Structure formats: structure tokens, C-alpha cells
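Chains as they are written, first to last, in the working numbering: chain A, 1055 to 1342; chain B, 926 to 1177. Ideal Cβ placement from N, Cα and C applies to all residues, glycine included. Note that the structure is predicted; figures quoted are calculated from it, not measured.
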Amino acid sequence: MMAGGAMPGRTIPQPVEAVPETAPPIVELANVSKTFGQGRQEVSALEHIRLAIGRGEFVTVVGPSGCGKSTLFNILAGLTEADPGASIRYGGQPRAAKELLGKVAFMPQRDLLLPWRRVVDNAILPLQVEGMSRAEALKRAAPMFPEFGLAGFEKHYPHQLSGGMRQRVALMRTFLFERDLTLLDEPFGALDALTRSLMQRWLLEVWQRHQRTILFITHDVDEAIFLGDRVVVMTARPGRIKLVLDVKLPRPRDAEIVTSPEFIQIKRQVLAAIEEESLKSFQQATGG
Amino acid sequence: MSNKTAALGADIAIGVAGPLLVLVLWEALVRGLAVPTYVLPAPSAIAAQVVTDLPLLLGGLGVTLGEAAAGYAIGAAIALALACLFVLAPVLERILLPVLVALNSVPVVAFAPVALLWFGMGPASKIAMVTLAVGFAVFVNAHHGLRAVDESAANLLRSFGAGPLRQMVLLRVPAALPSIMNGLRVAVVRSMIIAIVAEMIGAYKGLGWTIFEATQQVDFLRVWAAIAVASAASMAVYGVVNWLDRRLVFWR
């Protein structure tokens, strides 16, 4: 896949281009920047993001908090326009961000389950938005409950579920919204370590079975490497792509892989890049 | 479960004990100090009067409740529609909200003469005033609730491709339900008060008219009997709305 080098990753000076060699990419970003506010208050959240994601890829994004990861997601979900001059191609077509509304499956950080809807009715929400009848949507959702570990909880209300289960309902809702690209924003951020590691392996299974393309935000380096085909490391504000690493660990991946030399090798590179960034932003903050 | 039942029993006992204590003290005070009836009649005397006047009072209550209910329904419907409309079309809100605020800053009762002039002495004028009073109470709460919706949840629906109308039906209205129910609850008591006051100002029927007429005839016992019936009816309706609230907003 990569030209030369026994290294499991590659380091490219910024701006970074990351185009997979197989199949035309589902989404292709070039020169995507975003500034908020005006004049003195102007804050640059994203700068010259260049990223392409191929069909079926699992790409993870790591970076310090405030690196514009969520802004990037909001643009991809169609919720925020990028600054003029950005190029967003989705399915080969150039698009304005707002044209992506309804075309990308987006799971925000919080589960955002609606408390007045039962688990089933929360899961089928996007289908109902599409105009599907409730009966048909329920039929579509029914076989997914066991897979998402929610069998027997269809009729429960969100407040009756544990954090891990709520997150699985939100994931199921996202997966029922079948789109070419799925965005997951720190879906496991609020879970305890054990539940988290179980959910990661489970997510990989679901991803492989449903053959989705996933862009996954996290600030957990282990999680990013464990899940991803590629790890994208972002810089502190303004958010830029610092590094893109291919993760050529075999799949399916089991829990022990995190102690393998290859894993450690990649982790060292990611941590070094993040360390450099953290130092930079610390110096900025202290006026050094 | 038995713990819950016991707690509920205790709740009810306390809820009943308070008013009962007040009634007993009241009765004792009136009898002990031989307070004249026109100053303050004893609860037992009021109860006896309610029984004697029952057909008259129930007839009046029917009229008042009818006016209150009609005004309540119209006012609540208009208020909910307006609140939704304002959220869907912010331009309308910018134009009309100041007008509503100006109207609402005057007590509804101040409009009574106008209402009587426009709608006559019959039930229409009372319904109009109740509509106004209920409308404001419901509108303020519904409008606040519809706008206070979690922005991330709205964004999630947008990302599913939901337009403003779908967001309204699937998210905003249910999310605003606790707030809307609050408005509806406040409006219950308001609707009864306004209907009775409007009847006292000018009417031929209803509990308010009974109160007014009895005052003219210096029949204070009947005044108190009418007040007792009105208050009991208000509490009953309030209880129904409370029950509805708990059923509808079960997730709170």
C-alpha cells in the first residue's frame, strides 16, 4: 500500500495529503479552513485541512482538546460552512457543507437520546425523518437489537439504561441511518475503561459486518490506533493535520494487540507528535 | 412497594391534615369569639349554605366552568400556534412580540369594559377575557420552552436532514412539553379567576354573578358558599391538569 519503507507508518510534512490508493475516495477535503469571530476576536479553528477517505476505511482523528476536531465534524455533517475557498468533494461531487445535511451519518459526543422516546423510537428517529412509516422502520430496526446488545430493552426509556447502553442506542441510531460516511465523535469518551475496550472490539465487528466508512474522533491514542486503518494527528489551534499514520495491524484485532511491538512503535510516533504540539500550545498560552 | 404506598399515605395524610386544621381553628375561633356572620361565617355554616343553595350554585358553576373551559381551549390553542409560528418564522416574532408584551403588561381585567362593550353581557365577553388571560400564560411558557431546546439535539436532527417543521414536531414540541404544561397549569387557576371576576363586572349568570348579587342583597353566607364552590372546582381542575402533566411528561 505504501511506497517503500518497513515502517508501519509514515511522516509527512504539513500540509499533509492522505489519499488512499484503492477505489475513489468517498470524501475529499482540500484547503478546508474555518475561522470564528471577527477582527481581534478572530479565532482560527481549522487551517488547510486536506484529507481523503476511501470506501470502507476506518480513519481515526486524535489531537489535543480545542484542535478543531468537532468543527471538522460539523462541516462534514453539513452543520457549519467552511471558509470560502474550501473544496469538499463528497461521492465525487463538489459540495457546499449544507448540501451534506442528511447525507452523512453523524453521531455527536453526547448520546442525545430523546427522553420521551422509547429505545426503539430513538433508534428509528433518522428513518422517520426520512419519511419512513414507523411500522416499516421498526421492521428494519428489529434484527439490530441483539447485535447492539439491546435485545429486551426495546421498550425501555433512555433514563432506565446505563451509560454504555445509551451509547449503543445512539450508535444503532447512527448505523440505521445508512450513509456512505459515518462520523463518530468520541462515542466512548464517557465510558469506563473496561466497557470502553469491550465497545471498541464490538464496534470493529459491527463496522466489518456492515461495511461502513467511519471517521472517528478520540483523544485516546490507544483507541485511535486500535480502531483505525489510518490515524490522523491534529495540531492545537489552529487545527491542522500534523501527521497521518497507516496502521497495518492485522484484523480482526484482539485486545492483546495493544502490547505488540508494532502497536508500540506507532504509538511512540503519535505520542511524539502530540507531545510536540502540546508543548507548542503550552508555550503559546504562557506567552513564551 | 409497600414503602412507596406508606410514603404516599403519609403525603396524603399531611395534605389533608393542613386544611383540616385550618378549618377546625376557624370554626373554633368564630364560635369562641362569637364573630358575626357578615364578618366571617363558620365553615359549618358555609357548608350548610352550600347544601341549601346547591341547585343555584351548581347552575352558576356550570356557566362559569363553561366560559372558563371555552376561553381556556381557545386561548391555549392560539397561544401554542403562535409560539410555534414565532419559532418557525423569527420575522413574525420580531414584529408581533413587542405588541404581545405591551398587551400583557396590562392586567387582563382592565380590558373588561372593552370586552363587555364589544361582546355584550353574555358568555362571549367572559370567554374573550379568559382567552386573553390563558393565552398569555400559555404563550410565554410555550415560547420559552420551544426556544430553549438543546442546540445539539436540533443539530442532530438537521444532520438527519430534518427541516424546521420536522424539527418542530419531532423535537421542539415534545422537548417544550414540561414548559407548556407549566403554562397550562398556571392558566387553569387564571381562567377561573378571570371568568368569575368578569361575571362580577357584568353578567346575568355564573358564580361571579351569584357573588355579586348576594353581596348586593347583603347575603354574605351565600357569597362564602359561592366562593367555596368556586375554589373546590378550581382545585379539582388543577388536580386533573397535574395528573395529565405527570402522565404526559413522565420523563421529567
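Reduced DSSP secondary structure (H/G/I, E/B, other) of residue i
i       : result
A/M1161 : strand
A/S1314 : coil
A/K1302 : coil
B/S1030 : coil
B/R1019 : helix
A/D1239 : strand
A/V1286 : strand
B/V1174 : coil
A/T1134 : coil
B/A1087 : coil
A/R1109 : coil
A/Q1337 : helix
A/I1080 : strand
A/H1210 : coil
A/H1273 : coil
B/V960  : coil
B/G1133 : helix
B/A1073 : coil
CB contact check: residue i to chain B, cutoff 9 Å
i       : result
A/Q1254 : no
A/L1133 : yes
A/Y1211 : yes
A/N1128 : yes
A/L1235 : no
A/L1325 : no
A/F1231 : yes
A/P1169 : yes
A/G1179 : Correcting the residue identity first, residue 1179 of chain A is Leu in this sequence and not Gly. Chain B contact via Cβ: present.
Per-residue burial, residue i [other beta carbons within 10 Å of its own, 16 or more giving buried]
i       : result
A/R1294 : buried
A/G1146 : exposed
A/P1079 : buried
B/G1127 : buried
B/I1105 : buried
B/A1087 : buried
B/I1052 : buried
B/N1167 : exposed
A/G1063 : Note that A/G1063 has pLDDT 44, beneath the 50 cutoff, so the model's placement of it is unreliable and the number below is only indicative. Answer is buried; the Cβ neighbour count reaches 16.
A/F1090 : exposed
A/H1264 : exposed
B/G1039 : With the sequence shown as reference, residue 1039 of chain B is identified as Val, and Gly is not the correct amino acid for it. Its Cβ having fewer than 16 others within 10 Å, B/V1039 is exposed.
B/D978  : buried
A/T1313 : exposed
Chain A within 9 Å of residue i, Cβ atoms only
i       : result
B/L1013 : no
B/N1107 : no
B/G1086 : yes
B/L1081 : yes
B/W868  : This structure does not reach residue 868 of chain B, given that chain B is present from 926 up to 1177, and the question cannot be answered.
B/T930  : no
Within 9 Å, strictly: CB atoms of residue i and residue j
i       : j       : result
A/D1283 : A/E1111 : yes
A/K1123 : A/G1117 : yes
B/A1151 : B/A1161 : no
A/E1101 : A/P1292 : yes
B/V975  : B/L965  : no
A/L1179 : A/L1168 : yes
B/A1123 : B/M1054 : yes
A/T1228 : A/L1238 : yes
A/M1198 : A/A1177 : yes
B/L1022 : B/F1011 : yes
A/V1286 : A/L1325 : no
B/G1133 : B/I1121 : yes
A/L1204 : A/V1183 : no
A/E1240 : A/I1279 : no
A/P1212 : A/D1165 : yes
B/V1143 : B/Y997  : no
A/R1233 : A/K1157 : yes
B/L1102 : B/L1173 : yes
B/A1027 : B/A1067 : no
B/G1060 : B/I1003 : yes
A/N1085 : A/A1140 : yes
Test: residue i CB closer than 9 Å to a CB of chain E
i       : result
A/Q1182 : Here chain E cannot be found, since the structure's protein chains are A and B.
At a Cβ cut of 8 Å, what residues of the stretch 1059 to 1078 of chain B count as close to chain A, listed as they run along the chain? D1075, S1077 and A1078
Pull out every residue of the stretch 1091 to 1120 of chain B whose Cβ sits closer than 8 Å to any Cβ of chain A, in chain order. R1091, L1095, L1096, P1099, A1100 and L1102
To be precise: take each residue of the stretch 1155 to 1166 of chain A, compare its Cβ to all Cβ atoms of chain B, and keep it if any distance is under 9 Å. Which residues remain? L1155, G1156, K1157, V1158, A1159, F1160, M1161, P1162, Q1163, R1164 and L1166
Which of the residues in the stretch 1143 to 1176 of chain B, read from start to end, lie with their CB under 7 Å from any CB of chain A? W1176
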